[in-house]
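Working notes for the structure below.
In the working numbering, the protein residues as written are 21 to 242.
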C-alpha cells in the first residue's frame with residue numbers, strides 16, 4: 021500500500037536527508053515553544069487528535085535534530101534505540117534485510133509533507149495513514165505558525181515507561197522515566213489521552229560531551 025497524498029498538501033516525492041539535517045538543535049527548538057504554542061497544542065491541536073480518534077497512533081513531536089547524517093542515510097529506530105542507517109532506496113519505505121524501513125515522523129518541508137525519522141519493521145507491509153487527519157493536522161500547524169516547530173510522530177509502538185532518550189555518539193537510546201532529573205529535561209513529544217489527566221509527555225535531556233577538544237551539545241528526546 022502506498023502513502024497517498026492528502027488533498028491540498030503534497031507528500032514529498034522521494035526521501036531527502038535535508039528534511040532531517042535542516043532541523044534546529046534541541047535548545048533552539050525548545051525556545052520556540054512559548055505560551056502561545058502550548059495554548060494551541062493543549063487546545064485545538066489536542067482536540068483534533070481526539071476528534072479523529074488518532075491519539076493512540078500519533079503524537080506531536082518537537083522538531084529538532086539529534087546529529088547530522090549523510091545524504092544516503094536516514095535515522096532508523098529498532099526496538100529502543102535509533103541510529104543512522106545507510107539506505108540505497110530513495111522511496112519513503114525501503115526494503116532492508118528481511119524487513120522494511122517505514123516512516124515514523126513527519127514534518128512540513130518546503131510546503132510538502134516529508135518523513136524525517138523512520139522505524140524498522142519485520143513486516144513487509146507499509147502502514148496506512150489517515151490522510152484526512154494528516155492534511156488537517158499540518159494545515160492547523162501552519163495556521164498557528166507552528167509548522168516549523170511541531171511535526172507528527174507515530175506512537176503506536178511507544179513504551180510509555182521509556183520516556184527519556186539519551187544520545188551516545190550517534191545512537192539514541194530510550195531509558196526509563198527516572199533516568200535523569202526533571203530539571204535537566206525538555207519536553208519533546210506530546211501524547212494525548214481521552215482526558216487531560218491521561219495526557220503524557222516524553223522528554224529530552226541536554227548535556228555537553230567532549231569532541232576533539234571542543235564541547236558539542238548532545239541531547240536526547242523521547
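All C-beta atoms, glycine included, are put in the ideal place defined by N, C-alpha and C.
For residue j and residue i, believed in contact at Cβ under 8 Å, the rounded distance
i: residue 31; j: residue 132; result: 6 Å
i: residue 181; j: residue 196; result: 6 Å
i: residue 72; j: residue 153; result: 4 Å
Per-residue DSSP class, three states only, for residue i
i: residue 65; result: helix
i: residue 153; result: helix
i: residue 144; result: coil
i: residue 43; result: coil
i: residue 170; result: strand
i: residue 30; result: strand
i: residue 208; result: strand
i: residue 238; result: Confidence in residue 238 is poor, its pLDDT being 36 and thus under 50, which makes the residue's placement unreliable; the coordinate value appears in the next sentence. Residue state, collapsed to three classes: strand.
i: residue 223; result: Its pLDDT being 44, under 50, residue 223 is placed unreliably by the model, and the measurement read from it follows with that caveat. DSSP places residue 223 in strand when its eight states are reduced to three.
Neighbour-count burial assignment, residue i, 16 or more Cβ in a 10 Å radius
i: residue 137; result: buried
i: residue 38; result: exposed
i: residue 94; result: buried
i: residue 198; result: exposed
i: residue 34; result: exposed
i: residue 187; result: buried
i: residue 86; result: buried
i: residue 192; result: buried
i: residue 135; result: buried
i: residue 40; result: buried
i: residue 203; result: exposed
i: residue 91; result: exposed
>> Please give the ranges of any alpha helix (DSSP H) in the stretch 51-137, keeping only runs that are unbroken, at least 4 residues long and fully inside the region.
In response: 55-60, 66-71
>> Pairs of beta-carbons, one from the stretch 79-99 and one from the stretch 202-209, closer than 8 Å: are there three or more?
In response: yes
> If you pair each beta-carbon of the stretch 54-73 with each one of the stretch 99-111, do three or more pairs fall below 8 Å?
Replying inline: no
>> Does the contact criterion of 3 or more C-beta pairs under 8 Å hold for the stretch 169-178 versus the stretch 123-130?
In response: yes
> How about the stretch 110-124 and the stretch 144-159: do they share at least three Cβ pairs that are nearer than 8 Å?
Replying inline: yes
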